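Trainee:
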Amino acid sequence: MKLRTFQPGDPIGPFKKPPVTRTQLVMYAGASGDFNPIHYDDDYARKSGLGGVIAHGMLTMAFVGQMLTNLIGTDGDLRTFGVRFTGMVRPGDEITCEGRVKETRWEEGKQVVLCDIWASTQNGDRVVTGKAEFSVPAA
1 MKLRTFQPGD
11 PIGPFKKPPV
21 TRTQLVMYAG
31 ASGDFNPIHY
41 DDDYARKSGL
51 GGVIAHGMLT
61 MAFVGQMLTN
71 LIGTDGDLRT
81 FGVRFTGMVR
91 PGDEITCEGR
101 VKETRWEEGK
111 QVVLCDIWAS
121 TQNGDRVVTG
131 KAEFSVPAA
């Protein structure tokens with residue numbers, strides 16, 4: 001990882017994911033134990049008022065987490081990470097994860113960074129919003 005110093009206002013990302021697939025949803029269901037049929041059965045999802053299959057919210061959160069862990073590398077620590085689910089992701093959606101540094105401080109030779117984070121579909125609809133705090137070694 002190339003070390004860097006973060007400043008308030010710095011962008012994080014974008015981190016773009018390929019289109020969400022039905023296979024990915026089934027695999028995530030197996031890994032997470034969440035076999036709710038809204039994630040793989042179109043008829044069930046439509047009857048539930050969703051208009052079709054939707055991705056697991058936690059899968060979208062995982063995409064944002066991947067952006068953060070890629071950013072901080074193995075020498076950094078992800079201290080807090082929380083989101084709200086604000087929209088639905090469907091098979092075929094392309095998710096872009098981003099963020100912005102809000103505050104920084106120094107603790108014991110590490111820079112601690114507080115940031116706003118979000119994920120959006122290819123249409124610009126935000127489907128996840130949240131905050132994270134991480135620390136990285138001094139550059």
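Here the UniProt record's numbering is used: the first residue of the sequence shown is 1, the next is one more, and so on. Ideal placement from N, C-alpha and C gives every residue a C-beta, glycine not left out. These numbers were taken from a predicted model, which means no experiment stands behind them.
1. With three or more beta-carbon pairs closer than 8 Å as the criterion, would you say the stretch 79 to 92 touches the stretch 111 to 122?
2. Exposed or buried, which one is Ala45 when buried takes at least 16 other CB atoms within 10 Å?
3. Going along the chain, which residues of its own chain have a beta-carbon closer than 8 Å to the beta-carbon of residue 143, five neighbours each way excluded?
4. So, Asp93 versus Thr129, is the Cβ gap smaller than 9 Å?
5. DSSP three-state call for Thr129: helix, strand or coil?
6. Give the secondary structure of Val112 by DSSP, where H, G and I count as helix, E and B as strand, and everything else as coil.
7. With a Cβ-Cβ cutoff of 9 Å, do His39 and Ala55 count as a contact?
8. Considering only residues of the same chain and omitting the five flanking positions on each side of Met1, which have a CB-CB separation below 6 Å?
Mentor: According to the structure shown:
1. yes
2. To locate residue 45, count along the sequence shown from 1; it is residue 45. Buried, by the Cβ-count rule.
3. Since the first residue shown for the chain is 1 and the last is 139, residue 143 is missing from the structure and cannot be characterised.
4. The sequence position of residue 93 within the sequence shown is 93, counting from 1. The sequence position of residue 129 within the sequence shown is 129, counting from 1. No, these two residues do not count as a Cβ contact at 9 Å.
5. Locating residue 129 in the sequence shown gives position 129, where the first residue counts as 1. Three-state result, Thr129: strand.
6. Here residue 112 refers to the residue found at position 112 of the sequence shown. Strand at Val112.
7. In the sequence shown, counting from the first residue as 1, residue 39 sits at position 39. In the sequence shown, counting from the first residue as 1, residue 55 sits at position 55. Yes. Within cutoff.
8. Taking the sequence shown and counting its residues from 1, one reaches residue 1 at position 1. Because the pLDDT of Met1 is 45, which lies under 50, any placement of that residue in the model is unreliable, and the question is left without a value.
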